[in-house]
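Heads up: the structure comes next, in structure tokens.
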Amino acid sequence: MDTKVTIAGVTLNNPVIAASGTFGFGREYGELYNVNELGAISVKGLTKAPRLGNPTPRIAETPGGILNSVGLQNPGVDAFIQYELPELKKHSCKVIANMAGETFEDYCEMAEKLSDAGVDLLEMNISCPNVKAGGAAFGTHPDTVEKITTAVRKYAKRPLIVKLSPNVTDIAEIAKAAEAGGADALSLINTITGMAIDIKTRRPILANRIGGLSGPCVKPVAVRMVYQVHQAVDLPIIGMGGITSGEDAIEFFLAGSTAVMVGTANFTNPYACLQVRYGIESYMRENGVETLSELTGALKTDN
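Just add 627 to the spot in the sequence shown (first one is 1) and you have this note's numbering.
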């Protein structure tokens, strides 16, 4: 039984990746278990300069998930390279640097710095607002997605994963645009825009009013989008959205994922990534699956 997967030429020992924003830089979880048990860690979203994030409250529980409006709190890309990356590189699991920017130039500069610093893969979060285009997210228009991917690809010396936003009309068109721009892989889905209101105070629960919805409640949407993207492009897909068990992960593989990311589940169960990995392995043993590639896109749709 072989659990290794390859994404854009980078081989992971297993297909389970800790999702960006839910695992920090691995230090805290490393106190609970050996993070080398993971295929990779996608680190906290990095910006060009340090960010304090949004005002509190910035997390709200909802049925089947959470809303977050953390606001990309992080120490900045330079501090990450100096203080966090050396520790991460001591591990055998791969390091994925998640990038968030306000301009094309931000993304290009970070891609070059992080590539030179020796991360294994780059993950470009295009759900961020494009300040030079009136605040609309980079990832909501196919032409913008292709342009920013093309621009960043020139500076990325490591494989470039484009993380897709689900807050679009046609996810397949967005995926095609990223592919046309030179993306090496795709990850999806990012959070779904949502809101919660306190009916006693009649005020939004989040200080920023609107946040990103994640957790088990978004899984059916995520599986559907992974399936649609797999039909539309030839790129490897990292699927995410509400994965809490090995069975959840298998759904994503059948829909078209090569690997999976586990995010919100880490907040309620710090061992979630490990349990997903063990669940995948159990399914493989019980069903005579020798390699994970046998499952990718193996959904039966005939009547």
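Virtual Cβ for every residue (Gly too), placed ideally from N, Cα, C.
All values derive from a computational prediction rather than experimental measurement.
On the DSSP letters alone, give me the boundaries of the beta strand (DSSP E) that Thr885 sits inside. Per DSSP, Thr885 lies in no beta strand (DSSP E) and is assigned neither H nor E.
For Ala892 and Leu926, the rounded distance between their alpha carbons: Going by the C-alpha atoms only, they are around 25 Å apart.
Own chain, CB closer than 8 Å to Val856, minus 5 neighbours either side, in chain order: Hits under 8 Å: Leu791, Ile798, Ala799, Ala802, Leu813, Leu815, Ile864 and Gly883.
Under 8 Å between C-beta atoms of Ala724 and Val746: A Cβ-Cβ contact shorter than 8 Å links Ala724 with Val746.
Kindly indicate the opening and closing residues of the beta strand (DSSP E) around Thr871. Membership of Thr871 in any beta strand (DSSP E) is not indicated, and neither H nor E is assigned to it by DSSP.
Thinking C-beta only, is Met888 closer than 8 Å to Ala646? Yes, the pair counts as a contact, with Cβ atoms nearer than the cut-off.
Please work out which residues of its chain come closer than 6 Å, Cβ to Cβ, to Thr730, disregarding the five sequence neighbours upstream and downstream, and give them in chain order. Cβ neighbours of Thr730 beyond the five flanking positions: Lys759.
Is the distance from the Cβ of Arg654 to the Cβ of Asn835 below 8 Å? Against a cut-off of 8 Å, the Cβ pair of Asn835 and Arg654 comes out as no contact.
So, at 6 Å on beta carbons, what are the nonlocal neighbours of Glu773 in its own chain, with the 5 sequence-adjacent residues on each side left out? Contacts found: Ala804, Ala807 and Gly808.
What three-state label does DSSP hand Ile775 in the structure shown? In the three-state reduction of the DSSP assignment, Ile775 falls in the helix class.
Using DSSP bridges, identify the partner residues of Leu815. According to DSSP, which records beta bridges pairwise, Leu815 is partnered with Gly866.
So, helix, strand or coil for Asp743, using DSSP? If DSSP states are grouped into helix, strand and coil, Asp743 belongs with the helices.
Distance between beta carbons of Leu787 and Leu749, contact taken as under 8 Å: With 8 Å as the limit, Leu749 and Leu787 qualify as a contact, their Cβ atoms being about 5 Å apart.
For Asn725, name the three-state secondary structure that DSSP assigns. Assignment of Asn725 by DSSP, reduced to helix, strand and coil, places it in the strand class.
Buried or exposed: which applies to Leu922, given that a residue is buried once 16 or more other Cβ atoms fall within 10 Å of its Cβ? Leu922 should be labelled buried.
Ala763 by DSSP, collapsed to three states: which one? In the structure shown, Ala763 sits in coil (DSSP, three-state: anything other than H, G, I, E or B).
Tell me which residues share the same chain as Lys846 and place their Cβ nearer than 6 Å to its Cβ, disregarding the 5 neighbours each side in the sequence. Counting only Cβ-Cβ distances below 6 Å, and skipping sequence neighbours, we find Gly868 and Gly869.
CB of Ala738 within 8 Å of CB of Tyr782, strictly: Result yes, Cβ atoms of Ala738 and Tyr782 sit closer than 8 Å.
Does the separation of the CB atoms of Gly666 and Lys721 fall below 8 Å? Yes.
Nearest CA to the CA of Gly672: which residue from Thr689, Glu664, Phe652 and Asn661? Measuring from the Cα of Gly672, the nearest candidate turns out to be Phe652.
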